[in-house]
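Trainee: Here it is: the structure, laid out below.
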Amino acid sequence: AGDYLDLKAEMDLVIGLTACSAYASNGGTFKPIHFKVMKGGD
Numbered sequence: 001a002g003d004y005l006d007l008k009a010e011m012d013l014v015i016g017l018t019a020c021s022a023y024a025s026n027g028g029t030f031k032p033i034h035f036k037v038m039k040g041g042d
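Numbering (our numbering), first residue to last: 1 to 42.
Pasting the structure below:
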């Protein structure tokens, strides 16, 4: 918990996002994921 990943896009892009969709992951339960699209400089 509390982990995150920042990505910097240098051109337009499309991203697919998923979280442990395999039944054997996370003890057989699905967990919510959160994301944020940020606009900014460098």
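Don't be surprised by glycine CBs; every beta carbon is placed ideally from N, CA and C.
Kindly indicate which residue of D3, A19 and M38 has the alpha-carbon position closest to the one of T29.
Mentor: A19
Trainee: Assuming L17 and F35 form a contact by the criterion Cβ under 8 Å, report the distance between their Cβ atoms to the nearest whole angstrom.
Mentor: 6 Å
Trainee: So what does DSSP say about G16, is it helix, strand or coil?
Mentor: coil
Trainee: Can you tell me which of the three DSSP states G40 falls into?
Mentor: coil
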